[in-house]
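Participant: First to last, the protein sequences are chains A and B. So that you can map any letter, position 85 of the first sequence is 102 in our numbering, and since no number is skipped, the others follow by simple counting. So that you can map any letter, position 14 of the second sequence is 20 in our numbering, and since no number is skipped, the others follow by simple counting. Don't be surprised by glycine CBs; every beta carbon is placed ideally from N, CA and C. Since we're looking at a predicted model, the values are computed, not measured.
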Amino acid sequence: SAVISQKPSRDICQRGTSLTIQCQVDSQVTMMFWYRQQPGQSLTLIATANQGSEATYESGFVIDKFPISRPNLTFSTLTVSNMSPEDSSIYLCSVGSLAGGITVEQFFGPGTRLTVL
Amino acid sequence: AQSVTQPDIHITVSEGASLELRCNYSYGATPYLFWYVQSPGQGLQLLLKYFSGDTLVQGIKGFEAEFKRSQSSFNLRKPSVHWSDAAEYFCAVGPPRGGYNKLIFGAGTRLAVHP
Chain A
18 SAVISQKPSR
28 DICQRGTSLT
38 IQCQVDSQVT
48 MMFWYRQQPG
58 QSLTLIATAN
68 QGSEATYESG
78 FVIDKFPISR
88 PNLTFSTLTV
98 SNMSPEDSSI
108 YLCSVGSLAG
118 GITVEQFFGP
128 GTRLTVL
Chain B
7 AQSVTQPDIH
17 ITVSEGASLE
27 LRCNYSYGAT
37 PYLFWYVQSP
47 GQGLQLLLKY
57 FSGDTLVQGI
67 KGFEAEFKRS
77 QSSFNLRKPS
87 VHWSDAAEYF
97 CAVGPPRGGY
107 NKLIFGAGTR
117 LAVHP
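#1: Quick one: using the 10 Å Cβ neighbour count with 16 as the cut-off for buried, is residue 79 (chain A) buried or exposed?
#2: Could you please give the first and the last residue of the uninterrupted beta strand (DSSP E) stretch that includes residue 97 (chain B)?
#3: Roughly how many angstroms lie between the CA atoms of residue 33 (chain A) and residue 115 (chain B), to the nearest whole one?
#4: Measure the alpha-carbon distance for residue 12 (chain B) versus residue 27 (chain B) and round it to whole angstroms.
#5: Rounded to whole angstroms, what is the Cα-Cα separation between residue 35 (chain A) and residue 20 (chain B)?
#6: Could you give the C-beta distance for residue 87 (chain A) and residue 64 (chain A), rounded to a whole number, given that I count them as a contact under 8 Å?
#7: So is residue 76 (chain B) buried or exposed if we call it buried at 16+ other beta carbons inside 10 Å?
#8: How is the beta strand (DSSP E) around residue 87 (chain A) delimited, first residue to last?
#9: Evaluate residue 53 (chain A) with the Cβ neighbour count: other Cβ atoms within 10 Å of its Cβ, from every protein chain shown; 16 or more gives buried, anything less gives exposed.
#10: Answer with yes or no whether the minimum CB distance from residue 117 (chain B) to chain A is below 8 Å.
#11: Please compile the residues from chain B whose C-beta is within a distance smaller than 9 Å of the C-beta of residue 90 (chain A).
#12: In whole angstroms, what is the alpha-carbon distance linking residue 105 (chain B) and residue 49 (chain A)?
#13: Grouping DSSP H, G and I as helix and E and B as strand, with all else coil, what is residue 105 (chain B)?
#14: Please confirm whether residue 86 (chain B) and residue 9 (chain B) have their CB atoms less than 8 Å apart.
#15: Please report whether the beta-carbon of residue 122 (chain A) lies at a distance below 8 Å from any beta-carbon of chain E.
#16: Going by CA-CA distance only, name the one from B:48, B:47, B:49, B:80 that's closest to residue 63 (chain B).
#17: On a Cα-Cα basis, can you pick out the residue from A:76, A:104, A:99, A:57 that is closest to residue 132 (chain A)?
#18: Applying a beta-carbon distance threshold of less than 9 Å, which residues of chain A neighbour residue 52 (chain B)?
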């Protein structure tokens, strides 16, 4: 399995500001995913990030609010823009492992705990 | 619609007791099935997975899960719980085919272990 790190591990931000979260993987991966876990809730997929193409966003998430970059096969960033207290969540990146061209499982980073005041 | 149901939001067991966490799914076909564990302040760790074949799968930390197609269930079990098993457990399903594996997560079951 891949080793995934995220920065920052946690942050406290003021409303109206933006935060960029970094996700670094120790091996090259095709598929990277960004999830949100709101307090006491399960995980919700924000978007899928492929290297060299635009991220694919899930219903309810838009690029203006959550811009994503994927400059290479080991790195991605998620920006939470114009934050409000409702954005307080844990944000997790994950990577998919491939078998026969199909992503068969995902491995998760440690998460970034964001608090917006 | 595809969905995952974990009926038990919170479970408390005594250390050494057996454990079963329930997971039911609604899906158009047999999906890939996963159990993840999230310890406090941590990310998610994959416990085990089912793709096909033997319906009883073994995972890490002494966990196992059984896929029952007739019941659309994938329940997680452990014969003897340790205090370190206290965590949140998530069942997830993914599409059986396709270019990428979008995971749909259940709401989670929080496990507390009494000494």
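Facilitator: Let me spell this out:
#1: As a first step, residue 79 (chain A) is located in the first sequence; it is residue number 62 there, counting from the start. Result: exposed.
#2: Translated into the one-based positions of the second sequence, residue 97 (chain B) becomes position 91. Start and end: 93 to 100.
#3: The count along the first sequence starts at 1 and reaches residue 33 (chain A) at position 16. The count along the second sequence starts at 1 and reaches residue 115 (chain B) at position 109. Roughly 34 Å separates the two Cα atoms.
#4: Taking the first residue of the second sequence as position 1, residue 12 (chain B) is located at position 6. Taking the first residue of the second sequence as position 1, residue 27 (chain B) is located at position 21. Their Cα atoms are separated by approximately 8 Å.
#5: The sequence position of residue 35 (chain A) within the first sequence is 18, counting from 1. The sequence position of residue 20 (chain B) within the second sequence is 14, counting from 1. In a straight line, the C-alpha of residue 35 (chain A) is about 44 Å away from that of residue 20 (chain B).
#6: Residue 87 (chain A) sits at position 70 when you count from the first residue of the first sequence. Residue 64 (chain A) sits at position 47 when you count from the first residue of the first sequence. With 8 Å as the limit, residue 87 (chain A) and residue 64 (chain A) do not qualify as a contact, their Cβ atoms being about 10 Å apart.
#7: Working through the second sequence from its first residue, we reach residue 76 (chain B) at position 70. Label assigned to residue 76 (chain B): exposed.
#8: The sequence position of residue 87 (chain A) within the first sequence is 70, counting from 1. Residue 87 (chain A) -> beta strand (DSSP E) spans 85 to 89.
#9: Here residue 53 (chain A) corresponds to residue number 36 of the first sequence, with the count starting at 1. Buried.
#10: Mapped onto the second sequence, residue 117 (chain B) falls at position 111. Not closer than 8 Å to any Cβ of chain A, the Cβ of residue 117 (chain B) fails to qualify, so no.
#11: For the purposes of this step, residue 90 (chain A) is taken as residue 73 along the first sequence, with counting starting at 1. Within 9 Å Cβ-Cβ: nothing; residue 90 (chain A) doesn't reach chain B, min ~15 Å.
#12: Start at 1 with the first residue of the second sequence, and residue 105 (chain B) comes out as number 99. Start at 1 with the first residue of the first sequence, and residue 49 (chain A) comes out as number 32. Because residue 105 (chain B) sits at a pLDDT of 48, beneath the cut-off of 50, its placement in the model cannot be relied upon, and the following sentence gives the value as read from the coordinates. Distance between the alpha carbons of residue 105 (chain B) and residue 49 (chain A) is about 13 Å.
#13: Working through the second sequence from its first residue, we reach residue 105 (chain B) at position 99. With a pLDDT of only 48 at residue 105 (chain B), under the threshold of 50, the placement of this residue in the model should not be trusted; the figure read from the coordinates follows. When DSSP states are grouped into helix, strand and coil, residue 105 (chain B) belongs to the coil group.
#14: Within the second sequence, residue 86 (chain B) is the residue found at index 80, counting from 1. Within the second sequence, residue 9 (chain B) is the residue found at index 3, counting from 1. Contact flag unset, no.
#15: Here chain E cannot be found, since the structure's protein chains are A and B.
#16: Start at 1 with the first residue of the second sequence, and residue 63 (chain B) comes out as number 57. Taking only the C-alpha atoms, the option nearest residue 63 (chain B) is B:80.
#17: For the purposes of this step, residue 132 (chain A) is taken as the residue at position 115 of the first sequence. It is A:104.
#18: Taking the second sequence and counting its residues from 1, the one referred to as residue 52 (chain B) is at position 46. Those within 9 Å of residue 52 (chain B) in chain A are 18, 122, 123, 124, 125.
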